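Sequential numbering of the sequence shown, starting at 0, is according to numbering that gives the first Met the number 0. From the three backbone atoms N, C-alpha and C, an ideal C-beta is built for every residue, glycine too. The model shown is predicted, which means the values in this text are computed figures rather than measured ones. Working notes for the structure below.
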Amino acid sequence: MAEEASKTTTTQEEVVVADVAPAEQSDTSVVVSVEEEEEAAKASPEKENIPETETEVSKDNIPESGSFKEESTIVSDLPETEKKALQELKQLIQEALHKHQFSAPQNNHPPKDEKPEDATDNKEEQKPVEEEKEHAVYAAAAAADVADATEKEAAEVKESDSETKVVEEKVAVTDAVCVEEDGAKTVEAIEESVVPVTVSEEEAKVEADSASPEEVSIWGVPLLADERSDVILLKFLRARDFKVKDAFAMIKGTIRWRKEFGMEELLEEELGDDLEKAVYMHGFDKEGHPVCYNIYGEFQNKELYKKSFSDEEKRHRFLRWRIQFLEKSIRKLDFTPGGISTIVQVNDLKNSPGPAKWELRQATKQALQLLQDNYPEFVAKQVFINVPWWYLAVNRMISPFLTQRTKSKFVFAGPSKSAETLLRYIAAEQLPVKYGGLSKDGEFGISDAVTEITVRPAAKHTVEFPVAENSLLSWEIRVIGWDVSYGAEFVPSSEGSYTVIIQKARKVASSEEPVLCNNYKIGEPGKVVLTIDNQSSKKKKLLYRLKVKPSSSD
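Below, the structure is given as structure tokens:
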């Protein structure tokens, strides 16, 4: 239909009469700073080998993954198998809390590739070796003690009569026999005298501490304290396909890492604001998820790049800043069942340094690994915009290693489709101006709703705002990509009155200011009429919003 319309010489005209809200004060809301960064779910080729199905695409015609629907965080909505897994995991955590396993020191030499299921087997294999080492130490100590005792006896015998030499020899022989026959008993005696002392000290400490279960919190939520804990545990279960032992091992690893990383201290650490333009939170999507923007083009700034990634120390500082930002954002999420406990990530790849930057790749790889291991199921959707050709090549290579569930969270858009794609998920009043929305500092805030209309090719669209006298009408208007004519006028209700031209119709180029703001003081009843004339062969997205304030007559 749109193509046929473009061929005709007759211009179609559409008229929309907008309802004007009563006069009200401007409401500027504070954007909640809540953030990102995802866990791209781990999946090995052995577990899942998904064939590549994407076809050859042009620069802007980028394939989009299937939509992802978040699972429920309300326990009563879960299938019975998942309910059972959750209960089993809670039981394991309860036992661990009673035994203070989360605060217990980690084995200094754990097997590198240890899996939760094989932990017991590995311990049993190592146990004989450890016992042999212990017995060797105890045997050496026993031999030394026996030698000392023998020397003392020999000295005493020398001082006595010569007649006692025979007795000395007998005693020495007897002692030697005792060493040979009762060597094991000597070792056992030493073990009994040494080991129980050490164990008793540790046991005394444990008994003193374990009078009550230990308290462990993660992201500000105490484990097993209330229903919010169920939401946390479900994240770990889903990250491990509801394999209870694997999920429990992941939780223990996360809690241990958080202590080693000094998470509570990190939250109070001052790490500067150099990267606030590279990663920031802004608004919410249409489902209420907070949105995090990752602007990779910011790292084209050589000074910022060098300050962030030039050596290992700087990369570690960047990593701590990134984790701190994520932690603060996560703690603002709603972990009550049914609440919003995930985020949407927007990744802007415009002017991205690309894969050639080794330092950036190293920092990204390290951050991604930490996110995979310690921040499960925190991303509702990953939207990639201004996607260059090389990123598609990388995506095709890694795609077979990702689960279908993970790929369903990904959305890709080239430069010409980025604004349209973002508006599909984020309302215009929540979307920053630079990405196609109307959200910016000024008279209007994110609470002022935006109307979105598609203007067909070779069509004229008219919007009317009825207004009462003695009022001030303000409005913002934007057409994505512009290249259309725009005009505004006031038409009084009374007969015989003249139409007032507010904005003379003119063509607005794509290079001009993306958002136009106008206001008009009304002295008599009438209507304000905005006209958008799209003479191009492409459909256009029109965005506008208005507000009316009372105005005292002069």
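So who's on the other strand from residue i, going by DSSP bridges?
i, result
"Y292", "Y279, V345"
"N350", "Bridge partners of N350: none, in fact."
"F411", "F383"
"I521", "S470"
"Q502", "A487"
"L96", "Per DSSP, none; premise fails for L96."
"R477", "L542"
"E451", "L542"
"S216", "P221"
"F464", "V527"
"P431", "S438"
"P549", "S470"
"V507", "V483"
"K364", "Answer is none; K364 lacks a bridge partner."
Can the beta-carbon of residue i be found closer than 9 angstroms to that of residue j?
i, j, result
"E463", "V528", "yes"
"I476", "N518", "no"
"V278", "R321", "yes"
"L85", "L236", "yes"
"I250", "I92", "yes"
"K459", "N533", "yes"
"L369", "F317", "no"
"V478", "K506", "no"
"K537", "P456", "yes"
"I531", "T461", "yes"
"A448", "R314", "no"
"V220", "I254", "no"
"L422", "K258", "no"
Excluding the five sequence neighbours on either side, which residues of its own chain have a C-beta within less than 8 angstroms of the C-beta of residue i, listed in chain order?
i, result
"Y304", "F298, P352, K356, E358, L359"
"V410", "E63, S64, K380, Q381, V382, F383, T420, Y424"
"P549", "A22, N469, S470, L471"
Taking 7 angstroms as the limit between beta carbons, can you name the residues of its chain near residue i, skipping five residues before and five after?
i, result
"F283", "P289, V290, Q429"
"K526", "E463, F464, P465, V466, V490"
"R330", "W218, G219"
Go ahead and label residue i buried or exposed: buried means 16 or more other beta carbons lie within 10 angstroms of its beta carbon, across all protein chains shown.
i, result
"M396", "exposed"
"Y292", "buried"
"I500", "exposed"
"V343", "buried"
"A508", "exposed"
"G436", "buried"
"K439", "exposed"
"T80", "exposed"
"L266", "exposed"
"D310", "exposed"
"D229", "buried"
"V345", "buried"
"V393", "exposed"
"W481", "buried"
"K285", "exposed"
"W389", "exposed"
"W256", "exposed"
"P104", "exposed"
"S307", "buried"
"A95", "buried"
"P513", "buried"
"A248", "buried"
"Y504", "Going by the sequence as given, residue 504 is Ala instead of Tyr. It is exposed - the Cβ of A504 has fewer than 16 other Cβ atoms within 10 Å."
"K408", "buried"
Check whether the Cβ of residue i lies closer than 9 angstroms to any Cβ atom in chain B.
i, result
"P513", "Absent here is chain B; the protein component of the structure consists of one chain."
Near residue i, which residues of its chain fall below 6 angstroms by C-beta distance, leaving aside the five closest residues on each side in sequence?
i, result
"I294", "A277, D347"
"T498", "E488, V490"
"V74", "D229"
"L515", "I476"
"S102", "E213"
"K349", "G296, N385"
"A238", "P375, E376"
Does the structure place the region 315 to 335 close enough to the region 379 to 395 that three or more beta carbon pairs sit under 8 angstroms? Cβ pair count under 8 angstroms is below three, so no.
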